[in-house]
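Numbering (this note's numbering), first residue to last: -11 to 379. Note that CB positions come from ideal geometry on N, CA and C, so glycine has one too. From a predicted model like this one, the values you see are computed outputs, not experimental measurements.
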Ligand SMILES: Nc1ncnc2c1ncn2[C@@H]1O[C@H](COP(=O)(O)OP(=O)(O)OP(=O)(O)O)[C@@H](O)[C@H]1O
Ligand SMILES: [Mg+2]
């Protein structure tokens, strides 16, 4: 439906930005930003590759907006350096940076029309482009965000999604080489949000600019980004590709943030190179692969075992580990069942480890006939597929 990726053929926007020299890496070197006693950003070092789709992900207050504002130049680090294309931008004001920001609350100018909002950046330029030239560029942007019929509309005469696209056009008309998007889709309903996610991604690929997105929606970050930085209290908890974060989280915090996971927590009973065992609160021992985190596992210390729902098999109440080809077999009762098309999601109440989420693919449902709430079942998994994690 929405086709903001539908860039007019031969548009100057594309040709300008296809010049790779205009797009640069962004780098944080040991950046700290204090607001009084609050360490909003705390010793962060990272590189955002030019032309990539990068996301900051994390809970409220972890420093995402502050990180964007440091890139945009609305804030300056208390310590450390911010570099764009290898050059320090400390002291460089926002309008002199090749960066544009779409704010968390989209903040269109309410007294202006759509065209006036989009043209705002052009009117600030010296020399100011001629009127016909401004009109031409505004039309080009309107076409790009598929809002051509909305030129004279007022802000209050549009839906949230339409306002969002105007905000995007207003940022893009300045031809930034880096676009900073602070929760740009937060106000949209699920369906429109999904459409806009696809459009943003296509737009980013087509024009080749660097997109830096802030979100606390993990699905959004996972589906859109080349790289994700997960933040915790102003620091980087882990940064990597969506796949890295999903398959190789360094601790429970990260595993909990990316995708759905079952955790069993307890104290470490044994550690060797290839396996970590813990004793659960109910006294049962479970083993798993150690994660690649930087913190070591110590016997007696607290740790977690994470088992993704799709790695768990579900069988009849009489099934054994041999029947299921697993290392673990736990009795349980189906509490809830949600049909998701390709998968069925079960919530299974167990005695040993509480409620466990299981994602059962269609072919399994066919071979075991499926289960219904109230059924007693056995669930199991292979230890090598489970991951031991520090907190
Ligand atoms: N201007 C300011 N003055 C004082 N403290 C601030 C200021 N801006 C942010 N903070 C504090 O810095 C921390 C990080 O704020 P930031 O806005 O970067 O969080 P965020 O990750 O964007 O959160 P959210 O998801 O809620 O938008 C918070 O503790 C916040 O209260
Ligand atoms: Mg924020």
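Item	Value
Residues proximal to ligand 1 by C-beta, any heavy atom closer than 5 Å	23, 26, 28, 48, 49, 50, 51, 52, 53, 54
Backbone CA spacing between residue 65 and residue 300 [nearest angstrom]	46 Å
Ligand 2 heavy atom lying under 7 Å from the CB of residue 90	no
Backbone secondary structure at residue 278 - three-state DSSP	strand
Top-ranked residue by Cα proximity to residue 333, from 318, 353, 317	353
Distance CB(residue 158)-CB(residue 228) smaller than 8 Å	no
Inter-stretch contact (C-beta, 8 Å, three-pair minimum) for the segment 196 to 213 and the segment 232 to 250	yes
Start and end residues, alpha helix (DSSP H) containing residue 157	148 to 160
Start-to-end residues for the beta strand (DSSP E) that takes in residue 300	Premise fails: residue 300 is in no beta strand (DSSP E) and is neither H nor E.
Cutoff 8 Å; reference residue 285; Cβ partners in own chain excluding five residues on either side	256, 259, 264, 278, 291, 376, 378
Residue closest to residue 374, alpha-carbon to alpha-carbon, out of 322, 275, 48, 364	275
Residue 325 versus residue 356 - alpha carbon distance	15 Å
Touching by the beta-carbon criterion (3+ pairs, under 8 Å), the segment 11 to 21 and the segment 60 to 77	yes
Check whether residue 86 and residue 61 have beta carbons under 8 Å apart	no
Start-end ranges of the beta strand (DSSP E) lying completely within the segment 54 to 97, minimum 3 residues	67 to 72, 87 to 90
Assigned exposure category for residue 78 - 16 Cβ within 10 Å defines buried	exposed
8 Å Cβ cutoff met for residue 359 and residue 302	yes
Opening and closing residue of the beta strand (DSSP E) in which residue 349 lies	342 to 349
Residue 194 CB to nearest heavy atom of ligand 2 below 7 Å	no
Proximity winner among 152, 51, 63, relative to residue 177 (alpha-carbon distances)	152
Identified DSSP bridge partners for residue 337	321, 343
Continuous beta strand (DSSP E) stretch holding residue 383: start and end	Because the chain spans -11 through 379 in this model, residue 383 falls outside it and cannot be assessed.
The segment 22 to 30 / the segment 187 to 205 touching (three or more Cβ pairs under 8 Å)	no
Below-8 Å beta-carbon distance, residue 45 vs any chain C residue	The structure shown contains no chain C; it holds only a single protein chain.
Whole-angstrom distance between residue 253 and residue 364, CA atom to CA atom	24 Å
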